[in-house]
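Here the sequence shown stands for residues 10 to 752, numbered as in my numbering. Glycine included, C-beta positions come from ideal geometry on N, C-alpha and C.
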Amino acid sequence: MINFIPIKIRLATLLCASVFYLSACGGSDGGEVATANCDQGCVRINEAVSTNSLHNDQFGESPDWFELYNNGSETVELADYSLTDDPDIPDKWVFPAGSTLGANQYLLIWASDRDTVVNGEHHTNFKISSEGEVLYLFDPRGRLVSELPVAGLRNGTSVGQSGSGAMAYYDTPTPGSSNSSNEYSGIVSSEVVFSHDGGVNSPASVSLSGATGTQIIRYTLDGSIPTESSPEYSSSISLAGNTAVRARIFDSDHVPSATHSRTFLPGTSHDVPVVALVSEPGNFFDNDTGIYVLGDDYEPSEPNYGANFWEDWERDIHFSLYEQNGDVGVMLDAGVKIFGGWSRSYPQKSLSIYARGRYGSSEIDYPLFPGRSYDSYQTLVLRNSGDDWLKSMMRDISMTSLMESANVDIQAYRSVAVYLNGEYWGMHNMREKINEHYIASLHNVDKDTVNLLEYDGEILEGDNTDYLELVDFLEANLLVSPGNYDYIAERIDIESFIVYQVAEIYFDNQDWPGNNYKFWNSPGTKWRWILFDTDFGFSGWTPSAFDQNTLAFALEANGPDWPNPPWSTLILRRLVENESFRNDFINHFADELNSRFLPANVTGHIDSIAATIESEMSTHFLRWQDYVNVDWATEVDDMKTFANNRPQHLIAHIEDQFGLSGTYQLTVDNANPSAGDVQLNSLTIDSNSWTGSYFNDIPVTLTAVPAPGFVFSQWQGASTSTNEQIELDLAVDSTIEAVFVAE
């Protein structure tokens, strides 16, 4: 048990090795501070980082860290020593039994808030505030051993003890080893000011300012971070073409300022927004550390497993978004990783962008996707179109956006032209990233309560217990019983699940359901599935695939491991056992085929998206011309051919699967649409007359919805009921009219 001596710490009075350090250098019997002595060894807090993106722990994350150093001649037993960032709670985090620190040895401590020791890695139960605070080390008797103020740091810098014992700043943190010999007395806080923010049609020259007194500005034009050997700014810089300009302010005996970046694109124009990325070239292309290259340990066949681009590496990047009119939408420092699956091996790769506090901002506060009701994002994806790369480049965005108004979760998108260090990098589709933040924003739930799973219940976030119990029930029980079906309906959002399944089946997504399969719930929310990565659909994988029986594919009980293993079809197979679900499922197919999936509607949707990116395609295909083997316009035509031919085949598949005898035409009339609407299953009919096809002997539900000032009178035609809601079980062409009258 630790007995802590009550202390009152006043930073100004803690003097030992320096004005900033106290390091086991003497005893104290009274006064305001109780300090330890150095009978066995002197342990001090030697270096600390409060904003880290350079070093990862064993969990693959990059939390704050600090290190201890034993400058004595003997090993120190650290058991019951404690660390804290709050002097009122000196035993905030206590070293476990068996902890030691050898003479002249260093011990790295991760301030990750994980509160654990795993495989020799120590993780405290607190983080280091980026706003600044003091770290304290206490011995088992509760005496203060060492302290270190940590303030004014930014990413890539540290504070620690110099060789002379004074406090120093470093531009090269050295966790677990001696501090760098490049010591500074301070950090330049001045910022470089650019005469222009860059972007399309920007000027061909730029002026820099912001240095004062003895400070100077140094700059680069290749994406690299300016160093002491970089050119010194003296007058306006003339740009030879598209250029990434980076600049820092230098001063004697100070860590240089943060790097400031702009991308200038003089004489260029695009009909889509522009994203400019700036990063140290080695972050992308260094053979050992670059995220965009093969490296040395890769398999020769695609998708080159083991390559650098399969590693979960994050690098620094500057991200800018310029709107089509040239306005700056976003400009921030962030993190970047390679994103995606098989398409990582493609020459143009997908990227994930991360806003994190250690880079400067933990959120992107801007309406990246104007159609969304929220305008704050933590992550986004710049997608290369996956398996549709160098084909249409728009299959997934066409299919998922077609379902935008439906009850299913999709990712918003914007097509953007991307530049990397001033070089045109082709078109990407900017997308929301599927994670707990996306779900929290989309559904207004607490991100910390989200259970996000994939495949057969693998955890991405949260917990899978509820889902596994659901699967166990489905495997053990038939859903013919209404009670069993109700049990499932209480846990799955049935309406959304039907929309999801109908969409995937209509699209003929052949890389599903055993892949690209994610779903989520949270307390008070039923399980919902997310519609994403549909690039194999609309003949994206199999040419002229409009006749593929994807319904049978989605109900196959003994499919292969890819793409439709048994676990991936279990839920739908069980649900269609229930007559109520089966009728709703079939009717929703009919509803969609009569509305959203009408060939004219789908081809018009495809044409609309194609028109927004058509001018970009020639430039994009030229950029990646060494890999092009298709014609873009032909790919778009193939999508429209699919849309024109898919419905007739899908109707036949539904009839075959469920033993139906055909379809009939149902006409819904309404003499006065301003007096009210008719709800037909999931459709709202608000016109004078509407006709659609429905399946024989599958009951449809109609509901009369009067407008304010009117009441429903009766139905005429196929029914003369006076009930607002009726059910019709038909097998011949029929007409029904809703009659509304004034109140």
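Residue burial classification, residue i (beta-carbon count within 10 angstroms, cutoff 16)
i: V489; result: exposed
i: V741; result: exposed
i: T388; result: buried
i: L487; result: exposed
i: P309; result: exposed
i: T753; result: Since the first residue shown for the chain is 10 and the last is 752, residue 753 is missing from the structure and cannot be characterised.
i: I347; result: buried
i: T643; result: exposed
i: Q734; result: exposed
i: D520; result: buried
i: G299; result: buried
i: H131; result: buried
i: H614; result: buried
i: P552; result: exposed
Paired residues, beta bridge with residue i - DSSP
i: W536; result: I501
i: F704; result: T672
i: P715; result: G685
i: V511; result: Note: V511 sits in no beta bridge, so no partner.
i: R423; result: M439
i: L330; result: V284 and V339
i: L146; result: L92 and S155
i: L391; result: L360 and M439
i: E86; result: T109
Integer Cβ distance of residue i from residue j, believed to fall under 8 Å
i: N518; j: F541; result: The Cβ separation is near 10 Å, so there is no contact.
i: T445; j: Y526; result: Note on identity: in this sequence residue 445 is Glu, with Thr being the wrong assignment. Wrong, their Cβ atoms sit about 18 Å apart, outside the cutoff.
i: N705; j: H597; result: About 17 Å; that fails the 8 Å criterion.
i: H437; j: R381; result: 19 Å between Cβ atoms; not a contact.
i: N253; j: G232; result: Going by the sequence as given, residue 253 is Ala instead of Asn. 5 Å between Cβ atoms; contact.
i: L483; j: R583; result: 5 Å
i: Q333; j: P282; result: 6 Å
i: S245; j: S214; result: 5 Å
i: V345; j: S361; result: 7 Å
i: V302; j: N317; result: 5 Å
i: L248; j: P275; result: 6 Å
Own chain, CB closer than 8 Å to residue i, minus 5 neighbours either side, in chain order
i: Y179; result: E56, T166, S167, V168, G169, N188, S189, N191, E192, Y193 and V264
i: S371; result: A364, R365 and Q387
i: D472; result: N460
i: S359; result: I347, F348, G349, S352, R353, V390, L391, R392, N393, G395 and H437
CA-to-CA distance, residue j to residue i, given in whole angstroms
i: Q674; j: P532; result: 43 Å
i: I406; j: W538; result: 17 Å
i: F259; j: A267; result: 10 Å
i: N54; j: Y145; result: Checking the displayed sequence, the identity of residue 54 turns out to be Ile instead of Asn. In a straight line, the C-alpha of I54 is about 8 Å away from that of Y145.
i: L31; j: L92; result: Reliability fails at L31, whose pLDDT of 40 lies under 50, so the model's placement of it is uncertain and no value is given.
i: T744; j: M403; result: 40 Å
i: A684; j: V709; result: 23 Å
i: E736; j: G549; result: 40 Å
i: A285; j: E478; result: 46 Å
i: Y496; j: Q688; result: 27 Å
i: G701; j: V645; result: 28 Å
i: I234; j: G174; result: 30 Å
i: G671; j: I595; result: 12 Å
i: Y636; j: A426; result: 19 Å
i: V748; j: P376; result: 45 Å
i: I419; j: I514; result: 16 Å
i: H658; j: A563; result: 16 Å
i: D396; j: E86; result: 57 Å
i: Q67; j: Y78; result: 21 Å
i: L117; j: D305; result: 30 Å
i: Y355; j: G141; result: 43 Å
i: T628; j: H279; result: 10 Å
i: L153; j: S186; result: 23 Å
i: L110; j: N416; result: 58 Å
i: W529; j: G195; result: 48 Å
Close-in-space but distant-in-sequence residues of the same chain around residue i (CB under 6 Å, 5 per side omitted)
i: P574; result: G523 and G568
i: S82; result: A112
i: S450; result: Y383
i: N732; result: none
i: D678; result: S698 and E746
7 Å Cβ shell around residue i - same chain, five flanking residues per side excluded
i: D89; result: I11, V103, F104 and P149
i: A21; result: Because the pLDDT at A21 is just 30, under 50, the model does not fix this residue reliably, and the value given afterwards should be weighed accordingly. Here the set comprises nothing.
i: S108; result: L87 and A88
i: D556; result: H658
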